[in-house]
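> If you use UniProt numbering, the sequence shown corresponds to residues 1 to 188, in order. Even for Gly, the Cβ is constructed at its ideal location relative to N, Cα and C. Pasting a structure below so you can have a look.
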Amino acid sequence: MSHETHVLMDEIAIRRALTRIAHEILEKNKGIDNCVLVGIRTRGVHLAQRLAAKIAEIEGAPIPWGELDVTAYRDDRGDNAEAKENGNELLMNPADVSVHDKKVILFDDVLYTGRTIRAAMDALMHCGRPQMIQLAVLADRGHRELPIRPDYIGKNIPTSKSEEIVVALQETDGKDEVTINQNRGEQA
């Protein structure tokens, strides 16, 4: 079996996608009043930080943002109940970012089955009751298992199940790019 990797988005394309998403968020919400950005760990947090900086640049005012760890809310992990009971999950950081009665814009790097987003919505409800939840993703690769649809998309990338979308960001990986890895020799 061989692996092929193709770059789908470089640093410039990612920057342009984030700028477009920032403008779309501002247009849809008529500004940033009552809005909070929440990045899903790990790369969603970096994207939310970048988006917050871009929105502040455009609007001339900061937008609150936080990060969300959804590990304890995943339905594909066996230790969820124990983690919740022991209070071992980190929900919002910083803790003073309130989602109660706010328009929350969740940000993740790749949307695939929708299970991470479902876990994020459960975790958000644990933190407070948002007025509304919107979803922004850098890459939407399809193959949804749950009825979840993003409001803001950097790039639609139709894939087969044997392909993998990899997001690399400067903060964690030393470069900005989105690649598709094609595994030759596997059944699609």
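CB-CB under 6 Å to residue 46, same chain, minus the five flanking residues each way: which ones, in chain order?
Only 169, 171 meet the Cβ criterion.
> Where do the ends of the beta strand (DSSP E) carrying residue 36 lie?
Counting along the chain, the beta strand (DSSP E) containing residue 36 begins and ends at 35-40.
> If you draw a straight line from the C-alpha of residue 88 to the C-alpha of residue 70, how long is it?
Caution applies to residue 88, whose pLDDT of 44 falls short of 50 and renders its modelled position unreliable; the value that the coordinates give is listed next. Straight-line Cα distance between these residues: approximately 11 Å.
> If you count every other CB in all the chains shown that lies within 10 Å of the CB of residue 11, and 16 or more means buried, which is it?
Result: exposed.
> Can you give me the start and stop residues for the alpha helix (DSSP H) that residue 126 sits inside?
Start and end: 115-127.
> When the Cα of residue 144 is compared with those of 36, 13, 114, which residue comes out closest?
Measuring from the Cα of residue 144, the nearest candidate turns out to be 114.
> Determine, using beta carbons only, whether residue 75 and residue 119 come nearer to each other than 8 Å.
Yes, the Cβ-Cβ distance between residue 75 and residue 119 is below 8 Å.
> Using the Cα positions of residue 131 and residue 109, report the straight-line distance between them to the nearest angstrom.
Each residue's alpha carbon lies about 23 Å from the other.
> Is it buried or exposed for residue 106, if we count other Cβ within 10 angstroms and need 16 for buried?
Residue 106 comes out buried.
> Would you report the Cα separation of residue 156 and residue 99, rounded to the nearest angstrom?
In a straight line, the C-alpha of residue 156 is about 28 Å away from that of residue 99.
> Taking 8 Å as the threshold (C-beta atoms), are residue 116 and residue 165 in contact?
No, the pair does not count as a contact, with Cβ atoms beyond the cut-off.
> Compute the beta-carbon to beta-carbon distance between residue 18 and residue 37, rounded to the nearest angstrom, for a pair I have assumed lies under 8 Å.
Contact flag wrong, Cβ pair sits at about 12 Å.
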